[in-house]
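Some notes on the structure that comes next.
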Amino acid sequence: MTTTLEVREQRVGPAAPRPPRRTGRIRRVGLPYLLLLPALLLELLVHLVPMVIGIVMSFKELTQFYIRDWGTAPWSGVDNYKVSVDFDAPVGEALLHSFLVTVAFTLLSVALCWLIGTAAAVCMQDTFRGRGLLRALFLVPYALPVYAAVITWVFMFQHDNGLVNHVLHDQLHLTDKPSFWLIGDNSFWALLTVSVWKGWPFAFLIVMAGLQNIPGELYEAAALDGAGVWQQIRRITLPSLRPVNQVLVLVLFLWTFNDFNTPYVLFGRTAPEAADLISVHIYQASFVTWNFGTGSAMSVLLLLFLLVVTGGYLALTARGRRRRPADA
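Quick note on numbering: the sequence shown equals residues 115 to 442 in the numbering used here.
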């Protein structure tokens, strides 16, 4: 007698062996990492390797006498860090002044970039003739090469024949005499003007993209309930843009705090005291005084500060996101 299993095997044939699941799972899990491997290797080569070398240099007495073979420079331990944070000494005092100038400059620049960019993006939401042309014009400062744009501002800030003094003094008569914009205390405001002019189109672009995700029905319902323009912006626009603004503010802060091209092209190798940003200050401490050990220590301290600020900012924003659903 044939059993039921034998009859089934005669009809459909023997069951095919199942492929091993573990191999397919390894391929499925390992494929993303394999695709990311070239980018990770390039990131390691471009960023992490110089960063490690800079950290090693910060513990060496690396001056112009050891430039030819920096590996032979004697170890100095944490002496470079002690010199950098000794605020009673000239080196530490100058670094502290540069740090405070950079903090004030960054906060003002980020606030103005966000404010102007958000206002422009909100105004560009309504459909009107010429909106596409205005959007394209708003992005011109962001699309221009940094060096070409800043050099143009250098000519505009000239004392004798610059456009800024021509408008403020000759045309509008707002000043008693032409001002010096690239030296003295006015250099801070000149640098801030160029930074905001160059940075606000990026905020405009990001906020404008974020506004596309807000349903128009919310504004229509708010208008039917009697909400005005400012109430709609306060109750609908800004809360809906909170995730976008959290990333935007962090990116603007990091870019502005580390900005080297703008002050270097605007003022040259030696920036005025009022506009002595920390990026240019570290450059001067390294390549002007030829003390690369101290300059590397300052760079490491700057990196640690930015890591702490970034970590604290991300922790605060994450805590705010966790609290919001509970409060609702």
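The beta-carbon is built from N, C-alpha and C at its ideal position, and this holds for glycine as well.
Hey, out of 412, 424, 335 and 338, whose CA is closest to residue 195's CA? Start at 1 with the first residue of the sequence shown, and residue 195 comes out as number 81. Per the Cα distances, 412.
Excluding the 5 residues flanking residue 153 on each side, which residues of the same chain have their C-beta closer than 6 Å to its C-beta? Position 39 of the sequence shown, counting from 1, holds the residue named residue 153. None.
For residue 225, does the count of other Cβ atoms within 10 angstroms reach 16, so buried, or fall short, so exposed? Position 111 of the sequence shown, counted from the first residue, corresponds to residue 225. Exposed is the call here.
Does the Cβ-Cβ distance between residue 190 and residue 207 come in under 7 Å? Numbered from 1 along the sequence shown, position 76 holds the residue referred to as residue 190. Numbered from 1 along the sequence shown, position 93 holds the residue referred to as residue 207. Not in contact: residue 190 and residue 207 (Cβ atoms no closer than 7 Å).
Below-7 Å beta-carbon distance, residue 289 vs any chain D residue: The structure shown contains no chain D, having only a single protein chain.
Assuming residue 264 and residue 376 form a contact by the criterion Cβ under 8 Å, report the distance between their Cβ atoms to the nearest whole angstrom. For the purposes of this step, residue 264 is taken as residue 150 along the sequence shown, with counting starting at 1. For the purposes of this step, residue 376 is taken as residue 262 along the sequence shown, with counting starting at 1. About 6 Å separates the two Cβ atoms, so the contact holds.
State the DSSP-derived secondary structure class of residue 196, mapped to helix, strand or coil. As a position in the sequence shown, residue 196 is number 82, starting the count at 1. Residue 196: helix per DSSP, three-state reduction.
CA-CA distance, residue 345 and residue 323? The residue you call residue 345 lines up with position 231 of the sequence shown. The residue you call residue 323 lines up with position 209 of the sequence shown. Cα-Cα distance, rounded: 21 Å.
So which of 314, 204 and 239 has the shortest CA-CA distance to residue 329? Indexing the sequence shown from 1 puts residue 329 at position 215. Of the candidates 314, 204 and 239, the one whose C-alpha sits nearest the C-alpha of residue 329 is 239.
Please determine, among 414, 403, 183 and 421, the residue with the shortest C-alpha to C-alpha distance to residue 205. The sequence position of residue 205 within the sequence shown is 91, counting from 1. Out of 414, 403, 183 and 421, 403 has the C-alpha closest to the C-alpha of residue 205.
Residue 227: buried (16+ other C-beta within 10 angstroms of its C-beta) or exposed? Locating residue 227 in the sequence shown gives position 113, counting from the first residue. Buried, since its Cβ has 16 or more Cβ neighbours within 10 Å.
For the candidate residues 276, 232 and 281, whose alpha-carbon lies nearest to that of residue 296? Within the sequence shown, the letter at position 182 stands for residue 296. Closest by alpha carbon: 276.
Nearest-angstrom beta carbon gap, residue 399 and residue 301 [assumed within contact, 8 Å]: Along the sequence shown, one-based indexing puts residue 301 at 187. Along the sequence shown, one-based indexing puts residue 399 at 285. Not a contact, Cβ separation roughly 19 Å.
Residue 327, buried or exposed, once every other Cβ within 10 Å from all chains shown has been counted against 16: On the sequence shown, position 213 is the one that residue 327 refers to. Residue 327 should be labelled exposed.
Considering only residues of the stretch 357-438, which uninterrupted alpha helix (DSSP H) runs meet the minimum length of 4 residues and lie entirely inside it, listed in chain order? 375-381 and 392-397
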